[in-house]
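Asks:
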Amino acid sequence: MSDLRESVITQTRPLPQPGLDNVEFYEAAKRGELRFQRCSDCGAWRHYPRPACPECQSRNFSWELASGRGRVFTWAIVHGPTLPAFRDELPYNVVDVLLDEGVHFQSQVLDCPPDEIYAEMPVEAVFVPASEDITLVKFRRR
Amino acid sequence: MHPVSDKAAIVGIGQTPFSKGLGRSEYDMAVEAIFGACDDAGISPREIDGLVRFDMETTDEENLLAVLGNPVIRYQASTSWGGGGSASVLVHAAVAIAAGMADTVLVYRSRARGKKSVFGKDSKLGGRFWERMDPMLPGMNQWHVPHGLVTPFQEMAMITRRHMLDYGTTEDQLAEVAVAFRQHAMRNPNAVMRQPMTIQDHHDSRFIAEPLRLFDCNIETDGAVALIVTRAERARDLPQTPALIHAVALATGSHHGRLSTMFGRDWDQHGAARSGHQIWERSGLRPSEIDAFFCYDFFTSFVIIALEEYGFCPRGEGGAFVEDGGLLWEGGRLPTNTHGGQLSEAFIHGVNNHLEAVRQIRGTSTSQVPGAELVLSVGANSDPTGAVILRKGP
Ligand SMILES: [Zn+2]
């Protein structure tokens, strides 16, 4: 039975499957740009990608370039269990970054030991290719 | 009086044994629990005419209804997403009965989550859902899983950290929750985890996703539970003391799988805070009138948060509320999860909490609160959620 259990577990590192509502985000990341939707009427930035503004319900928006700068809002140190593809990195950090534009984004802070992360730690985006099509947005200390 | 109030009652409860490894199918376990609930209620399975389940339930309707004798089902519904739906199933049952859509509604949850209960590739049966991620993620998981933020407990660790930052919640306070529920489990022969636990034992347990340790997390078990809900008038003629469904609430808000939205909002915009607001408004009751509380204790920190969301203490003071045995069945500020909950009895997605809520109303708990007449039982507070107040019936 333990073999069966292992056989059902996803072995690869899962990647995003871009869709019609968010493909612009991934195309920008591939170019080394962090872009989010911004409401053309009230100016609010948003993440996750949505066809209308949560603040004013306007359907007018553009994909605008963000600064890539933000601060750690909260974080966890993963000790496992986790998916096999991430096991070699244990323990690793996962963070929520509050970007200067006011949107929250989950990622990791690279080259940062677990005990050095703190609330409000300043970070900036870095772009890490993960496949031919997908570049992941990570962060590093600044 | 709200139109659903006291129109329906829980009249039967049933369950399988709980274990870390029964090695049985979710279908088989469901049937044992359902037949047990029917026996307890003094009805035939053929009298069931309503069905409310979790949308994660794996047994298809034909398989289920065939073994009940193919009863005529006049109402069926499923509740959304995980443990948030654990009280919502009872809300839907009560609403259906109050509206005359059904007379006798079955509610159940069957869960093979133990280590012996995985049934092969491409099977949806058994095991941990997060271990079966699509290699290319189309939905909400695409924003966090590729970064190694894979599981609910990792998401909950980030929310827990934020509660610590906002309100100074401590690891000692998390431990108080685990220790109190373990003390209840030690008195409950059905509980899976019955070894003693101290605050130090909690602190010595390994980190799973820091700040959460092993003893902050629900156990992983096999088992099934079922409840029979019927009209309040009919309940008077059945053998058990009825647990009237006195007030109901359903709410949505933020979701732990959508952290960007959740962290962009105030705590009071979460579903459970909205559910809490509704349940007191509809019942006309105050938190101080509740004799026992059953909350979805998937993680110790979320018990602390639920105490705030359901108004047992002001926002940010849940940590202090649980100190010094605040949740103990005897001598506590608010007897909570008097069976041991998901942390120490079993992880039947919160529905086992309702069985204990019913036992408190009947006076048959192994940690009985003297004279319990009003209890509150609620779903997971980080999903679409709900709540019910049960009242001792005539
Ligand atoms: Zn707007």
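As they're listed, the protein sequences go chains L and S.
Residue numbers are given in my numbering: position 51 of the first sequence equals residue 51, and the series is strictly consecutive.
Each position in the second sequence, counted from 1, maps to that position plus 1000 in my numbering.
Every residue, glycine too, gets a C-beta built ideally from N, C-alpha and C.
Could you tell me which chain S residues have their CB closer than 8 Å to the CB of residue 74 of chain L, listed as they occur along the chain?
Replies: Neighbours of residue 74 of chain L on chain S, chain order: 1158, 1159, 1161, 1162, 1165, 1263.
Asks: Is there contact between the segment 1130-1150 of chain S and the segment 12-20 of chain L, where contact requires at least three CB pairs shorter than 8 Å?
Replies: Result yes; three or more Cβ-Cβ pairs closer than 8 Å.
Asks: Counting pairs of Cβ atoms below 8 Å between the segment 1236-1245 of chain S and the segment 102-109 of chain L, do you hit three or more?
Replies: At 8 Å Cβ cutoff, the stretches do not touch.
Asks: From the DSSP output, in three-state form, read off residue 1130 of chain S for me.
Replies: Helix at residue 1130 of chain S.
Asks: Report the partner residues of residue 104 of chain L according to the DSSP bridge assignment.
Replies: Answer is L:98.
Asks: Quick one: residues in its chain with C-beta nearer than 6 Å to the C-beta of residue 1077 of chain S, no 5 flanking neighbours on either side, listed in chain order?
Replies: Excluding sequence neighbours, residue 1077 of chain S sits near 1052, 1092.
Asks: Since residue 72 of chain L and residue 117 of chain L should fall inside the 8 Å C-beta cutoff, what is the C-beta to C-beta distance between them, to a whole number of angstroms?
Replies: Yes, residue 72 of chain L and residue 117 of chain L are in contact; Cβ-Cβ is about 6 Å, under 8 Å.
Asks: For the segment 1199-1212 of chain S, which residues have a CB atom closer than 7 Å to at least one CB atom of chain L, in sequence order?
Replies: Within the segment 1199-1212 of chain S, the qualifying residues are 1206, 1207, 1208, 1209, 1210.
Asks: If you follow the alpha helix (DSSP H) that residue 1170 of chain S is part of, which residue opens it and which one closes it?
Replies: Where residue 1170 of chain S is concerned, there is no enclosing alpha helix (DSSP H), given that its DSSP letter is neither H nor E.
Asks: If you measure from the beta carbon of residue 1148 of chain S to each beta carbon in chain L, is any gap under 8 Å?
Replies: Output row for residue 1148 of chain S: interface = yes.
Asks: Mind reading off the beta-carbon distance from residue 1365 of chain S to residue 1336 of chain S? Whole number of angstroms is fine, and I expect it under 8 Å.
Replies: Contact flag wrong, Cβ pair sits at about 12 Å.
Asks: Consult DSSP for residue 1204 of chain S and reduce its assignment to one of helix, strand or coil.
Replies: Helix, per DSSP.
Asks: With a threshold of 8 Å between beta carbons, is residue 57 of chain L in contact with chain A?
Replies: Looking at the structure shown, chain A is missing, and the protein chains on hand are L and S.
Asks: Using a Cβ-Cβ distance cut-off of 8 Å, determine whether residue 1132 of chain S contacts chain L.
Replies: It does: the Cβ of residue 1132 of chain S has a partner Cβ on chain L nearer than 8 Å.
Asks: Is the shortest distance between the beta-carbon of residue 10 of chain L and the beta-carbons of chain S less than 8 Å?
Replies: At least one chain S Cβ lies under 8 Å of residue 10 of chain L.
Asks: Could you name the residues of the same chain whose beta carbon sits closer than 8 Å to that of residue 58 of chain L, not counting the 5 residues immediately before and after it, in chain order?
Replies: Cβ within range, chain order: 39, 40, 41, 42, 52.
Asks: Helix, strand or coil: which one does DSSP assign to residue 1216 of chain S?
Replies: Helix.
Asks: With 7 Å as the C-beta to C-beta threshold (strictly closer), list the residues of the segment 94-120 of chain L near chain S in chain order.
Replies: Residues 94, 96, 103, 104, 105, 106, 107, 108, 119.
Asks: For the beta strand (DSSP E) holding residue 1247 of chain S, just list the boundary residues, first then last.
Replies: Segment 1243-1251, the beta strand (DSSP E) holding residue 1247 of chain S.
Asks: Does the count of Cβ pairs from the segment 1260-1269 of chain S and the segment 1131-1138 of chain S closer than 8 Å reach three?
Replies: No, they do not touch.
Asks: Chain S beta carbons: is any one of them nearer than 8 Å to that of residue 52 of chain L?
Replies: Output row for residue 52 of chain L: interface = no.
Asks: Which of helix, strand or coil does DSSP assign to residue 1191 of chain S?
Replies: Coil, per DSSP.
Asks: Please list, in chain order, the residues of the segment 32-45 of chain L that have any C-beta partner in chain S closer than 9 Å.
Replies: For the segment 32-45 of chain L, which is checked against every Cβ of chain S, not one residue is closer than 9 Å.
Asks: Is it right to say residue 23 of chain L is buried, meaning 16 or more other beta carbons lie within 10 angstroms of its own, or is it exposed?
Replies: Per the 10 Å Cβ criterion, exposed.
Asks: Does DSSP put residue 37 of chain L in a helix, in a strand, or in coil?
Replies: In the structure shown, residue 37 of chain L sits in a strand (DSSP, three-state: E or B).
Asks: Give the DSSP-derived three-state secondary structure of residue 1072 of chain S in the structure shown.
Replies: In the structure shown, residue 1072 of chain S sits in coil (DSSP, three-state: anything other than H, G, I, E or B).
Asks: In angstroms, rounded to a whole number, what distance separates the CA positions of residue 103 of chain L and residue 1260 of chain S?
Replies: Each residue's alpha carbon lies about 7 Å from the other.
Asks: For chain S, is any of its Cβ atoms less than 8 Å away from the one on residue 123 of chain L?
Replies: No, residue 123 of chain L lies away from the interface with chain S (no Cβ there is under 8 Å from its Cβ).
Asks: So residue 1174 of chain S and residue 1301 of chain S are supposed to be a Cβ contact under 8 Å. How far apart are they, rounded?
Replies: Contact holds; Cβ gap of about 6 Å.
Asks: Just to make sure I have the definition right: I need the residues of chain S whose C-beta is within less than 8 Å of the C-beta of residue 19 of chain L. Which are they?
Replies: By Cβ distance, chain S contributes 1138.
Asks: I'd like to know whether the C-beta of residue 66 of chain L is nearer than 8 Å to at least one C-beta of chain S.
Replies: With 8 Å as the cut-off, residue 66 of chain L does not count as an interface residue toward chain S.
Asks: May I ask you to verify whether the segment 1044-1059 of chain S touches the segment 1102-1117 of chain S, counting CB pairs closer than 8 Å and requiring at least 3?
Replies: Contact holds: three or more Cβ-Cβ distances are below 8 Å.
Asks: Rounding to the nearest angstrom, what Cα-Cα distance links residue 1391 of chain S and residue 1361 of chain S in this structure?
Replies: About 7 Å.
Asks: Between which two residues does the beta strand (DSSP E) harbouring residue 61 of chain L extend?
Replies: Unbroken beta strand (DSSP E) run through residue 61 of chain L: 61-65.
Asks: Between the C-alpha atoms of residue 954 of chain S and residue 1185 of chain S, what's the straight-line distance to the nearest angstrom?
Replies: There is simply no residue 954 of chain S to check, as chain S begins at 1001 and stops at 1394 in what is shown.
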